[in-house]
Amino acid sequence: MPESLKSIVLKLSLCFIFVATYAPHLYAKGSYGIATYYIRLDVKSSNNRITNTHLTMIPAEKDFRPEIFSRIPMSHVIQASPQETSQRLEDLIKKNTFMRILEQHGLKSAKTLNQDTIISYEGLVHTPISLRITPYDHTRGGYPYMAEVYFAPLSFPDQWETLKDGFRVKEILNDFILLFK
Numbered sequence: 134m135p136e137s138l139k140s141i142v143l144k145l146s147l148c149f150i151f152v153a154t155y156a157p158h159l160y161a162k163g164s165y166g167i168a169t170y171y172i173r174l175d176v177k178s179s180n181n182r183i184t185n186t187h188l189t190m191i192p193a194e195k196d197f198r199p200e201i202f203s204r205i206p207m208s209h210v211i212q213a214s215p216q217e218t219s220q221r222l223e224d225l226i227k228k229n230t231f232m233r234i235l236e237q238h239g240l241k242s243a244k245t246l247n248q249d250t251i252i253s254y255e256g257l258v259h260t261p262i263s264l265r266i267t268p269y270d271h272t273r274g275g276y277p278y279m280a281e282v283y284f285a286p287l288s289f290p291d292q293w294e295t296l297k298d299g300f301r302v303k304e305i306l307n308d309f310i311l312l313f314k
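If you want it as structure tokens, here you go:
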């Protein structure tokens with residue numbers, strides 16, 4: 134193989150490795166279907182006591198929202214029995230990771246009615262997330278894990294369609310004005 138061809142192959146291989154390592158959200162969009170989800174954590178408290186928590190995860194629209202994702206590493210120990218199935222363990226870890234990321238990095242809002250307060254944390258998460266689960270640790274009483282999540286704080290997904298319609302009207306007006314210039 135000529136030396137110049139080896140150089141080109143090496144450069145292309147390095148570019149592929151760089152993209153695959155540092156930007157997994159670029160290839161995840163096309164290969165996994167739905168890649169971005171809106172997540173919201175509602176924490177309800179009454180008389181200064183938490184009474185209910187609710188985690189919601191819905192597919193996010195792809196257009197007309199900012200995508201300023203940052204990679205957030207998170208490590209923790211999930212409390213579970215040594216006999217826990219791998220699928221159940223993975224689900225618990227994902228839920229715990231999403232809740233912790235929302236509380237630490239999500240957009241926060243609060244609503245109060247009488248003695249009840251609902252604090253909401255919102256954002257976007259890009260899937261798939263990277264999980265590394267280590268074997269059961271008897272001293273900690275659970276499974277230590279490391280997760281890497283691409284997250285962007287964002288709220289009001291119910292207004293995306295309105296923003297989309299406004300953007301279309303603006304484009305049509307701009308195109309119409311360009312006809313007369």
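The sequence shown begins at 134 in the working numbering and counts up one residue at a time.
Even for Gly, the Cβ is constructed at its ideal location relative to N, Cα and C.
Values in this document were obtained by computation on a predicted structure and should not be read as measured data.
Among S203, V282, R173, which residue has its Cα nearest to the Cα of S263?
-> Of S203, V282, R173, the smallest CA-CA separation from S263 is found for V282.
Comparing alpha-carbon positions, which option in Y170, I251, A168 lies nearest T184? I251
By DSSP's criteria, K244 is part of a beta bridge. Which residues make up the other side? Bridge pairing for K244: I251 [DSSP].
query: Among residues of its own chain, excluding the 5 on either side of T169, which ones have a beta-carbon nearer than 6 Å to its beta-carbon?
result: A193, L257, H259
Query - Within 9 Å, strictly: CB atoms of A285 and I201 - result: yes
Residue burial classification, V176 (beta-carbon count within 10 angstroms, cutoff 16):
V176 is buried by the Cβ-count criterion.
### Task
Quick one: using the 10 Å Cβ neighbour count with 16 as the cut-off for buried, is E255 buried or exposed?
By the neighbour-count criterion, in which a residue is buried when 16 or more other Cβ atoms sit within 10 angstroms of its Cβ, E255 is buried.
Query - Own chain, CB closer than 8 Å to R265, minus 5 neighbours either side, in chain order - result: Y278, M279, A280
Beta-carbon gap between L225 and I234 smaller than 9 Å: no
Worksheet entry | Same chain only: Cβ atoms within 6 Å of H209, ignoring 5 sequence neighbours per side | none
Exercise for the section: Express the C-alpha separation of S178 and E223 in angstroms, rounding to a whole number. Expected result: 28 Å
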